[in-house]
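Residue numbers (our numbering), protein chains in the order written: chain A, -8 to 312; chain B, 85 to 400. Step one of this worksheet: look at the structure below.
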């Protein structure tokens, strides 16, 4: 076998560059490259940029179920910042979140700022709970989704004791309506008459996100005059074909004794709710609810048209369907 | 035309390479098998993988990361007063040495950065809190105005919220944006205060950043539950800057403090369609492990925020 031992190699005719050969071998699969100064070497070919996608951090249709959750301390904020019967717009009644005028206030608070587009220096209902961050993602383990926990309110207000707001998006992936059974537990302390707890559903007027122009609110179950740590809220709802609805749970902190409250807010029997394989948790809507900045949820008129922003923004941010 | 025919070629004293017997097709590269055997092959790119951003970019979403420290309102072991994890820390001077690097370390969740072992963990030391969380805007504001219960009841060095929002100029010309925020403050020791500031890299491409400049937009050193900080931020062409908001917990009455830390006027800040929230950078500051330590000025060290973004989420 013949071999040439040489430092450099150059094309005789028309070649102006003498290339320095590498003294060492590369690793398997490496390519010969130049450094631009006629020194040959070895290099792997790497793509410096990962493929970036606006993918869902949690896969859909694999049984995972999530929600967003936010709290307000309502009158248990100390001094400036507390609020009673009237929220950021007008009277707010926690067991009537499916109706004007509580619905639009509930949604803005659940999304982290009761004043939404109008907010400047006003107190920030939804972003006003002690040691809490607004609009947090929470996923289910097993049959339940949420929490049942103590809450320390040094303000010790028994009226308007504070609320947890939870939204779980459910999608019917089939071509026919499916009736699902919903179940939740919620705490409540009945004092002023504006507290209470509610399980409610909001549904769009069309199945395609982008074409939604109006939303309907339906009350599934309520707790009013009963106070307790675990109030059972159950009922059924018919999810239209190929449509995503928002299942909402609003609870009130239950006063136990001085400074000590209970905050129960969770869905249960998820195995029953999602027993039909055509019913899934809509991860596009879930991440839109978590990350999107909704600029169309003001306090002007009824909620029906304004809530359509929740669906149209999902189409824009995570793709239409 | 001259030609030397041979099977192998070798640099004197170097490895022997066996030349390929078969010629290439168009656009093939000369490849080694690691044993000195050369062949022409179709180039293949190693794929770093698919990476998902924390939220879609360019559709109006605005996000930030936020962290809280309880500073001197931690009980006994773990509390800290004038000195942060490295040296004196003055909250309203977080744009300059020596506070800047300490602020950044705490913002990312551990004031001791890569040197930490058993030291208290400034930035991950707030009661009932988790450090370095993502928070997104709803409407015109982003952040919180809330109560914080400090049973330690310390009115000096009361604790801080740190917030960072990446703003990107997608155009080819510099844009000046108006930034507005509200903050709480209780001036006890003189090392608290509140500040609206931003960090600007020396080049527009993430991977080529070698130095970072800190600029103070507005400061507040009085006592208030909620005081406004406003000013202008210049965002160079094709560049991402980090707009930061630092507040101090305001003492209200025994055990009761207010923690106000939010941007407002987002519609104004982002009114120019060329200005967006940089979701690559937001994903980066929310998740990346930065290894800058306490050695000298922050300017060079902080460039790691941009270069890491290039590595993890792609350069631009």
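Every residue gets a Cβ at the ideal spot worked out from N, C-alpha and C, and that includes glycine. The structure displayed is predicted, hence computed values, not measured ones.
Three-way DSSP call (helix, strand, coil) for residue i in this model
i, result
"residue 361 of chain B", "strand"
"residue 261 of chain A", "helix"
"residue 67 of chain A", "helix"
"residue 256 of chain B", "coil"
"residue 24 of chain A", "strand"
"residue 197 of chain A", "coil"
"residue 181 of chain A", "coil"
"residue 284 of chain A", "coil"
"residue 389 of chain B", "helix"
"residue 170 of chain B", "coil"
"residue 294 of chain B", "coil"
"residue 341 of chain A", "For residue 341 of chain A there is no data in the structure shown, the boundaries of chain A being -8 and 312."
"residue 381 of chain B", "coil"
"residue 256 of chain A", "strand"
"residue 226 of chain A", "strand"
"residue 285 of chain B", "strand"
"residue 156 of chain B", "helix"
"residue 369 of chain B", "helix"
"residue 185 of chain B", "helix"
"residue 197 of chain B", "helix"
"residue 11 of chain A", "strand"
"residue 245 of chain B", "strand"
"residue 303 of chain A", "helix"
"residue 277 of chain A", "helix"
"residue 296 of chain A", "helix"
"residue 270 of chain B", "coil"
"residue 309 of chain A", "helix"
Distance between beta carbons of residue j and residue i, contact taken as under 8 Å
i, j, result
"residue 368 of chain B", "residue 334 of chain B", "In fact, because the Cβ distance is near 32 Å, the residues do not count as touching under 8 Å."
"residue 250 of chain A", "residue 147 of chain A", "6 Å"
"residue 267 of chain B", "residue 157 of chain B", "Going by Cβ atoms, the distance from residue 267 of chain B to residue 157 of chain B rounds to 17 Å, so no, they are not a contact pair."
"residue 222 of chain B", "residue 104 of chain A", "5 Å"
"residue 244 of chain B", "residue 341 of chain B", "Not a contact, Cβ separation roughly 11 Å."
"residue 232 of chain B", "residue 121 of chain A", "6 Å"
"residue 241 of chain A", "residue 228 of chain B", "About 20 Å; that fails the 8 Å criterion."
"residue 182 of chain A", "residue 149 of chain A", "5 Å"
"residue 122 of chain B", "residue 103 of chain B", "6 Å"
"residue 1 of chain A", "residue 10 of chain A", "7 Å"
"residue 356 of chain B", "residue 304 of chain B", "Contact flag wrong, Cβ pair sits at about 27 Å."
"residue -6 of chain A", "residue 91 of chain B", "7 Å"
"residue 309 of chain A", "residue 137 of chain A", "With 8 Å as the limit, residue 309 of chain A and residue 137 of chain A do not qualify as a contact, their Cβ atoms being about 24 Å apart."
"residue 152 of chain A", "residue 65 of chain A", "7 Å"
"residue 117 of chain A", "residue 99 of chain A", "7 Å"
"residue 360 of chain B", "residue 141 of chain B", "6 Å"
"residue 281 of chain A", "residue 128 of chain A", "5 Å"
What residues from the region 254 to 284 of chain A come within 8 Å of chain B, judged by C-beta to C-beta, listed N to C?
278, 281, 282, 283, 284
So does the region 382 to 399 of chain B actually touch the region 359 to 366 of chain B, counting three or more Cβ pairs closer than 8 Å?
yes
Report the residue ranges of all beta strand (DSSP E) runs contained in full by the region 52 to 97 of chain A; include only those spanning at least 3 residues, in chain order.
57 to 63
Just to confirm the assignment: which complete alpha helix (DSSP H) runs, minimum length 4, are found wholly within the region 96 to 122 of chain A?
none
If you scan the region 102 to 153 of chain B from start to end, which runs of the beta strand (DSSP E) of 3 or more residues do you find wholly inside it?
Whole beta strand (DSSP E) segments, 3+ residues: 113 to 116, 122 to 125, 134 to 136, 147 to 153.
Below 9 Å between beta carbons is the criterion; list the residues of the region 92 to 112 of chain B that meet it against any residue of chain A, in chain order.
92, 93, 94, 95, 96, 97, 98, 99, 100, 101, 102
Assess contact between the region 268 to 276 of chain A and the region 79 to 95 of chain A, defined as three or more Cβ pairs (one per stretch) separated by less than 8 Å. Is contact present?
no
Under 9 Å (Cβ pairs) to chain A, residues found in the region 186 to 216 of chain B:
210, 211, 212, 213, 214
Check whether the region 159 to 167 of chain A and the region 255 to 265 of chain B touch, using three or more Cβ-Cβ pairs below 8 Å as the test.
no
Members of the region 71 to 104 of chain A that neighbour chain B once the beta carbon cut-off is set at 8 Å
71, 72, 99, 102, 103, 104
Taking contact to mean at least 3 C-beta pairs separated by less than 8 Å, is the region 220 to 236 of chain A in contact with the region 190 to 200 of chain A?
yes
Which residues, taken in chain order from the region 332 to 343 of chain B, show a beta carbon closer than 8 Å to some beta carbon of chain A?
336, 337, 339, 340, 342
Every unbroken beta strand (DSSP E) inside the region 203 to 243 of chain B [3 residues or more]:
217 to 220, 226 to 233
Which residues of the region 304 to 317 of chain B have a Cβ closer than 8 Å to any Cβ of chain A? Give them in chain order.
309, 310, 312
Taking one C-beta from the region 199 to 207 of chain A and one from the region 295 to 308 of chain A each time, how about it: are there three or more such pairs within less than 8 Å?
yes
Please list, in chain order, the residues of the region 225 to 241 of chain B that have any C-beta partner in chain A closer than 7 Å.
Close to chain A, meaning a Cβ-Cβ distance shorter than 7 Å, are the following residues of the region 225 to 241 of chain B: 225, 227, 228, 229, 230, 231, 232, 233.
Do the region 269 to 286 of chain B and the region 210 to 226 of chain B meet, that is, are 3 or more Cβ pairs less than 8 Å apart?
Proximity of the region 269 to 286 of chain B to the region 210 to 226 of chain B falls short of the contact definition, fewer than three beta-carbon pairs being nearer than 8 Å.
Under 8 Å, with one C-beta from each stretch per pair, do the region 252 to 271 of chain A and the region 167 to 175 of chain A reach the 3-pair mark?
Counting C-beta pairs closer than 8 Å gives three or more between the region 252 to 271 of chain A and the region 167 to 175 of chain A, which meets the contact rule.
State whether the region 194 to 213 of chain B contacts the region 322 to 331 of chain B, with contact taken as three or more CB pairs (one from each stretch) at a distance under 8 Å.
no
Three or more beta-carbon pairs under 8 Å between the region 151 to 170 of chain B and the region 191 to 211 of chain B, yes or no?
yes
Could you run through the region 274 to 285 of chain B and flag, in chain order, every residue whose CB is less than 9 Å away from some CB of chain A?
For the region 274 to 285 of chain B, which is checked against every Cβ of chain A, not one residue is closer than 9 Å.
Which runs of the alpha helix (DSSP H) at least 4 residues long sit entirely within the region 307 to 363 of chain B? Give them in chain order.
Contiguous alpha helix (DSSP H) elements confined to the region 307 to 363 of chain B occur at 350 to 353, taking only those with 4 or more residues.
Pairs of beta-carbons, one from the region 288 to 300 of chain B and one from the region 173 to 184 of chain B, closer than 8 Å: are there three or more?
yes
What residues in the region 259 to 271 of chain B have a beta carbon less than 9 Å from any beta carbon of chain A?
264, 266
For the region 3 to 15 of chain A, which residues have a CB atom closer than 9 Å to at least one CB atom of chain B, in sequence order?
Listed by position along the chain: 3, 4, 11, 12, 13, 14, 15.
What are the residues in the region 22 to 35 of chain A lying within 8 Å of chain B by C-beta distance?
Within the region 22 to 35 of chain A, the residues whose Cβ lies closer than 8 Å to some Cβ of chain B are 22, 23, 33, 35, listed in chain order.
With 8 Å as the C-beta to C-beta threshold (strictly closer), list the residues of the region 136 to 152 of chain B near chain A in chain order.
136, 137, 138, 139, 140, 141, 143, 144, 145, 146, 147, 150: these are the residues of the region 136 to 152 of chain B whose beta carbon lies less than 8 Å from some beta carbon of chain A, given in chain order.
The region 57 to 74 of chain A touching the region 16 to 35 of chain A, judged by at least three CB pairs closer than 8 Å:
Cβ pair count under 8 Å is below three, so no.
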